[in-house]
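I have placed the structure first, in the form of structure tokens, so that the comments after it can refer back to it.
2 protein chains.
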Amino acid sequence: METSAVAPSLTFDTDPSRYQHWKLTYDGPIATLGMDVREDAGLRDDYRLKLNSYDLGVDIELADAVLRIRFEHPEVRAVVITSLKERVFCAGANIFMLGGSSHGFKVNFCKFTNETRLAIEDASANSGIKFVAAINGICAGGGYELALACDEILLVDDGNTAVSLPETPLLGVLPGTGGLTRVVDKRKVRRDLADVFSTVAEGVKGKRAVEWRLVDAVIPKSGFSQAVAQRAAALAATSDRPAQANGIELRPLNPRITGDSIAYSAVSLTIDRDRRTAELELRAPDAAEPDTPDHIVATGDQFWPLRAFRELDDALLHLRFNESEIGTVIVKATGDVAQVVAVDRTLDRQRDHWFVREVIHFIKRTLKRLDLTSRSFFALIEPDNVFSGTLFELALACDRAYMLDHPDRANTIGLSAMNRSSYPMSNGLTRLQTRFLGEPGKVLEALAHEGPFDPQEALAAGLISFAPDDLDWDDEVRLALEERAALSPDALTGMEANLRFAGPETLETKIFGRLSAWQNWIFQRPNAVGEHGALKAYGREGRPEFDWKRT
Amino acid sequence: METSAVAPSLTFDTDPSRYQHWKLTYDGPIATLGMDVREDAGLRDDYRLKLNSYDLGVDIELADAVLRIRFEHPEVRAVVITSLKERVFCAGANIFMLGGSSHGFKVNFCKFTNETRLAIEDASANSGIKFVAAINGICAGGGYELALACDEILLVDDGNTAVSLPETPLLGVLPGTGGLTRVVDKRKVRRDLADVFSTVAEGVKGKRAVEWRLVDAVIPKSGFSQAVAQRAAALAATSDRPAQANGIELRPLNPRITGDSIAYSAVSLTIDRDRRTAELELRAPDAAEPDTPDHIVATGDQFWPLRAFRELDDALLHLRFNESEIGTVIVKATGDVAQVVAVDRTLDRQRDHWFVREVIHFIKRTLKRLDLTSRSFFALIEPDNVFSGTLFELALACDRAYMLDHPDRANTIGLSAMNRSSYPMSNGLTRLQTRFLGEPGKVLEALAHEGPFDPQEALAAGLISFAPDDLDWDDEVRLALEERAALSPDALTGMEANLRFAGPETLETKIFGRLSAWQNWIFQRPNAVGEHGALKAYGREGRPEFDWKRT
């Protein structure tokens, strides 16, 4: 039986003092993330998290830990991910949790866990934090997929411990957290060996796991801890992180949540249930933000770009998990544009400072989270808007942008140095590059434009979709929203997933495009979720029953 | 109600004298493919093919026509695709046909129509045949997707005719024949304009269609035919096709079909219904094949590589549409390897001859058809096999290859110049490059190897998966087949779709990966195919009813 997936209002707010499933410890440049899942502390009570299996709650803590290492511990240069349990590293996503979850929850659960693993790879690629998976026991499915997100995978050689992707042979689904893609595209395992590996429930261990490129080394139990420490130290030595900096504490966001709104300091999300829309508003800082490293660090998590995008990130997750019927999001940005322009100048000038670097990458990841959120986004650009520079990326991330061309009221948008290359999408291109695939000259043209764009300039530059005048504005916007609201939510999800990511594909787009789309398909098939499907049948008596027709 | 999708044994065998829906005419270097669908000649009788809408039967004729232009009319350098009906170009795939088809049929129908459109693009890219879509009336959905496959799209300006993708607004599904991908990735339409275009049922016409890059030109009705002829002539002038060559007639394959087998001259497919497996055997030529252009042309469609791969192509389509419960295909290649080696030498030496070029590209497309067939393929390489050069691509296309290492019987495989670059996969890489993404040096190493590989050499070179000895062979092969047969067919389909295409993505892999996978998902959703879903509700009274939850 499918149950409502989660409590009415799931929250992503946590910190190490509240972790139930992970122990995060620090030893100079090396942090250790020890997995020790509490069986009885799942988000629902219809499953137990045995064998370090995980649910969304476990992954929320993992995502939080990786984020805090980046912001709160600039001295950390390598992270060891391991298990604190005996003979088990991680058994993967909890099968009974999946079996009891709605389709929408399964899909969003996988999307979030994918984003968490990509955040690990982002920390490695952009932040000088390398990850070592120290596999000290059973490592199956999502457990191995977590290891795949690390830079190095070390496997204990105890004659027993294997890595495996048992989803296909045991559950009739795919390893849905990037496993198949990372096996052939990141670790470049030969496709026939990947085929064997992905179909044998018991997995592969020992020398063969190294030969097949599934792990980097197998190490006898006696020398395992020492080898892990050595590899972590060697990877840490490659880092450019500062040795003496003070971390920035990420304090709780504490939004005010009412039935129809969630309000933060610089962000609010207001629901209109009748129209199935939400208004997402970002507000510029009221006063000048700090512009020197010392002042920025002193401002800490209240530095506006970090504060605003942390709030935006949280609002997007709230929307995904708690407001599934809201189909269209109206995006607005308001306040004093001069402050936004000034912040962009600071971000650009101070980008080499470790904390500013982290802020920029956090903004980048939040924008990607928006790209990957399966709701329609329409930007409404009205007088006194602050869609400028970094905030104009929000408009670029929207499916459409409407800009009011008022005869009497000035209304402008602007670009900044931050639109050049700071916020690549999952496809590796900037939003401007993706937008102008057919007219690449327009990217440089737009970036070279002096000062803000009025509606007609913005239209000519291709930066907005439409510029209705004040007579047409209300009707045109209302009609666009009404028309959108009448369309099949599934067709929109598929359509947007195809139109948003033109251009090159990357490991990341392959995971969200090819792999996730196939997994979503399988997550609906009777062979997986029917009464006798493999996912439902797991752990019960008897074998699953399949319709043998190949599609 | 879903009906059994097609007659028990659908055939892909046709020729222009039997076409019911297209008129193929020739005028020197220009061929015209005129669409004139017979309403009452659908493959099933529960729908009528109104307004040049199409079903699989219409597309089988289109695929046949494109193929015949390549082989039978080497003088053709440009093809005009247009409609012979008044005020309608093509209304797309027939909705009542889709609504009444099983999920598996819908998916395989879309796969075939995608392959047909990619064959048009292949003819343009590799064969010197350019395509002009002359849109002389209503052009919706699959009609516009057909135009998108052409090199140029000319739209009549009659004040009425628009191009449109009404699938999302009217049917709650995606334009599933490459439409979304080609709009943003081939024609590089800006994503926000593509969003608008894909959600307005009435489409876009006139100047806006050009400005949005949806078509190349709009032309007044009075000058339309002349403009089309001019563009076709201009494109034809870029071609390198021979002016005076004689075409090669493609005669019927005439397989012998019994309940459990389909047998051609060089290919046979034998079904084992209990094990849900099929044995696909390719046989080498019995005697020496011609090796000079004159002799090859004189041999015509009986030239072994063309004959064998036409048969293989037909067998794969038979498998897809008529044998849906057969999960694993055992691939064998038998006969006199010397003949296969000699044929490869001829193909390589004569590759610049127009007919040999066509043969090589046909082999390439057939191998891609195999890559994209959602069944498991295991190559069994036994003594007297002919897995050499071109035929070794078959083993490389398989999910696994088992090679018998017999102490007394010689068993070898071999590569040839044809493995270098002649048969790229959909991802743009050769099968050897894809196989050795992690160890690129092995590609050159394998190609530089002198003479054939015995089992241990093949294993060391990474060209096969396993080399069991004669004591283990029977058990190991039997066990692999039994294990495969026990797995969820859906999970295998998704798994293989992810493992087979490592490396770069192309327009082609995006269509089959991202777009098709999402379409398959939507094709199962109650919002599309439920009793009140949009696809089922189309043409009935009342609006579809949606579950508004976004996934």
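Residue numbers (numbering that gives the first Met the number 0), protein chains in the order written: chain A, 0 to 550; chain B, 0 to 550.
Glycine residues also receive a C-beta, built at the ideal position from the N, C-alpha and C atoms.
As the structure is a computational prediction, the values presented were derived from the model and not from experiment.
8 Å Cβ cutoff met for B/E456 and B/F465: Sequence index remark: in the second sequence, residue 456 of chain B carries index 457 (1-based). Sequence index remark: in the second sequence, residue 465 of chain B carries index 466 (1-based). Not closer than 8 Å, so no.
Beta-carbon separation (whole angstroms), B/L145 vs B/R186, contact threshold 8 Å: Counted from its first residue, the second sequence places residue 145 of chain B at position 146. Counted from its first residue, the second sequence places residue 186 of chain B at position 187. Between B/R186 and B/L145 the Cβ distance is about 14 Å, and since that is not below 8 Å, they are no contact.
Residue from A/A244, A/L164, A/L414 and A/N384 whose Cα sits closest to the Cα of A/Y401: Position 402 of the first sequence, counting from 1, holds the residue named residue 401 of chain A. Cα-wise, what sits closest to A/Y401 is A/N384.
Within 8 Å, strictly: CB atoms of B/K363 and B/Y422: Here the question's residue 363 of chain B lines up with position 364 in the second sequence. Here the question's residue 422 of chain B lines up with position 423 in the second sequence. Yes; because the gap between Cβ atoms is below 8 Å, this pair is in contact.
Backbone CA spacing between B/T550 and A/N519 [nearest angstrom]: Along the second sequence, read from residue 1 onward, the residue named residue 550 of chain B stands at position 551. Along the first sequence, read from residue 1 onward, the residue named residue 519 of chain A stands at position 520. Going from the Cα of B/T550 to the Cα of A/N519 covers about 9 Å.
Backbone CA spacing between B/E1 and B/G141 [nearest angstrom]: Sequence index remark: in the second sequence, residue 1 of chain B carries index 2 (1-based). Sequence index remark: in the second sequence, residue 141 of chain B carries index 142 (1-based). For B/E1, the predicted structure reports a pLDDT of 40, less than 50, and the residue's modelled location is therefore unreliable. The matter cannot be settled from this model.
Contact with chain B by A/L173, beta-carbon distance below 8 Å: Start at 1 with the first residue of the first sequence, and residue 173 of chain A comes out as number 174. Yes - at least one Cβ of chain B is within 8 Å of the one on A/L173.
Where A/F545 meets chain B, residues with beta-carbon distance less than 9 Å: Against the first sequence, residue 545 of chain A aligns to sequence position 546. Those are A485, L486, S487, P488 and D489, listed as they occur along chain B.
Assigned secondary structure, A/C149 (DSSP; H/G/I helix, E/B strand, else coil): Here residue 149 of chain A refers to the residue found at position 150 of the first sequence. Residue state, collapsed to three classes: coil.
Three or more C-beta pairs below 8 Å linking the stretch 474–492 of chain B and the stretch 429–448 of chain B: no
Residue of B/I29, B/S8, B/R67 and B/F88 minimising C-alpha distance to B/S16: By one-based count along the second sequence, residue 16 of chain B stands at place 17. The shortest Cα separation from B/S16 among B/I29, B/S8, B/R67 and B/F88 belongs to B/R67.
Delimiting residues of the alpha helix (DSSP H) encompassing B/W520: Along the second sequence, one-based indexing puts residue 520 of chain B at 521. S515 to I521 is the span of the alpha helix (DSSP H), which, as asked, contains B/W520.
B/K548: contacting residues in chain A (beta-carbon distance under 8 Å): Walking along the second sequence from the start, residue 548 of chain B turns up at place 549. The contacting residues are G103, S323, E324 and P488.
Anticipated Cβ contact below 8 Å, A/A277 with A/E324, distance rounded: One-based indexing of the first sequence puts residue 277 of chain A at position 278. One-based indexing of the first sequence puts residue 324 of chain A at position 325. Incorrect: roughly 10 Å between the Cβ atoms, too far for contact.
Chain-ordered residues of the stretch 519–532 of chain B with a beta carbon less than 7 Å from chain A: N519, W520, I521, Q523, R524, N526 and A527
Pair within 8 Å by beta-carbon distance, A/D39 and A/G99: Locating residue 39 of chain A in the first sequence gives position 40, counting from the first residue. Locating residue 99 of chain A in the first sequence gives position 100, counting from the first residue. No, they are not a contact pair.
Assigned secondary structure, B/K129 (DSSP; H/G/I helix, E/B strand, else coil): Indexing the second sequence from 1 puts residue 129 of chain B at position 130. B/K129: strand per DSSP, three-state reduction.
CB contact flag (B/L23, B/A64, <8 Å): The residue given as residue 23 of chain B occupies position 24 in the second sequence. The residue given as residue 64 of chain B occupies position 65 in the second sequence. Closer than 8 Å, so yes.
Bounding residues of the beta strand (DSSP E) (the contiguous stretch that carries B/P219): Here residue 219 of chain B refers to the residue found at position 220 of the second sequence. Note, B/P219: beta strand (DSSP E), A216 to P219.
Residues near A/E357 by beta carbon distance below 7 Å, same chain, minus five either side: Counting from one through the first sequence, the residue named residue 357 of chain A turns up at place 358. Contacts found: R69, F70 and S126.
Contact belief for A/D398 with B/D14 at Cβ below 8 Å, rounded distance in angstroms: If you number the first sequence from 1, residue 398 of chain A lands on position 399. If you number the second sequence from 1, residue 14 of chain B lands on position 15. About 46 Å separates the two Cβ atoms, so there is no contact after all.
Helix, strand or coil at B/E280 according to DSSP, with G and I counted as helix: In the second sequence, residue 280 of chain B corresponds to position 281, counting from 1. The answer is strand: DSSP assigns B/E280 an E or B state.
A/V5 at chain B interface by Cβ criterion, 8 Å: Counting from one through the first sequence, the residue named residue 5 of chain A turns up at place 6. Reliability of the predicted coordinates at A/V5 is poor, the pLDDT of 40 falling under 50, and the value obtained from them is presented with this limitation in mind. Judged by the 8 Å Cβ criterion, A/V5 is not in contact with chain B.
Distance, B/P503 Cα to B/L563 Cα: The structure shown has nothing for residue 563 of chain B, since chain B only spans 0 to 550.
Nonlocal neighbours in the same chain, by C-beta distance under 8 Å from B/G538, ignoring five residues either side: The residue given as residue 538 of chain B occupies position 539 in the second sequence. Result list for B/G538: I94 and F95, in chain order.
Residues bridged to B/A235 (per DSSP): For the purposes of this step, residue 235 of chain B is taken as the residue at position 236 of the second sequence. Paired residues: none, contrary to the question.
Beta-bridge pairing of A/D468 - partner residues as DSSP gives them: Position 469 of the first sequence, counting from 1, holds the residue named residue 468 of chain A. DSSP, once it has assigned bridges, lists A/D404 as partnering A/D468.
Cα-Cα separation, A/D157 to A/L316: In the first sequence, counting from the first residue as 1, residue 157 of chain A sits at position 158. In the first sequence, counting from the first residue as 1, residue 316 of chain A sits at position 317. Rounded to the nearest angstrom, the two C-alpha atoms are 41 Å apart.
Cross-chain neighbours of A/L514 in chain B, by beta carbon under 7 Å: Position 515 of the first sequence holds residue 514 of chain A. N497, listed in chain order.
Sub-8 Å separation of A/S626 and A/N135 beta-carbons: Residue 626 of chain A is absent from the structure shown; chain A starts at 0 and stops at 550.
Neighbour list for B/T492 in chain A, Cβ cutoff strictly below 9 Å: Working through the second sequence from its first residue, we reach residue 492 of chain B at position 493. Those within 9 Å of B/T492 in chain A are W517, W520, I521, R549 and T550.
Those runs of the beta strand (DSSP E) which lie wholly inside the stretch 339–411 of chain A and span at least 3 residues: 375–380 and 399–402
Below-8 Å beta-carbon distance, A/A536 vs any chain B residue: As a working mapping, residue 536 of chain A is identified with position 537 in the first sequence. Chain B, which has no Cβ nearer than 8 Å to the Cβ of A/A536, makes this no.
Residues, ordered as in the chain, of the stretch 402–428 of chain B that lie near chain A by beta-carbon distance below 7 Å: none
Within-8 Å CB hit, B/M0 to chain A: The residue labelled residue 0 of chain B in the question sits at position 1 within the second sequence. Note that B/M0 has pLDDT 35, beneath the 50 cutoff, so the model's placement of it is unreliable and the number below is only indicative. No, no contact with chain A.
DSSP-derived helix/strand/coil call for B/D489: Against the second sequence, residue 489 of chain B aligns to sequence position 490. DSSP places B/D489 in helix when its eight states are reduced to three.
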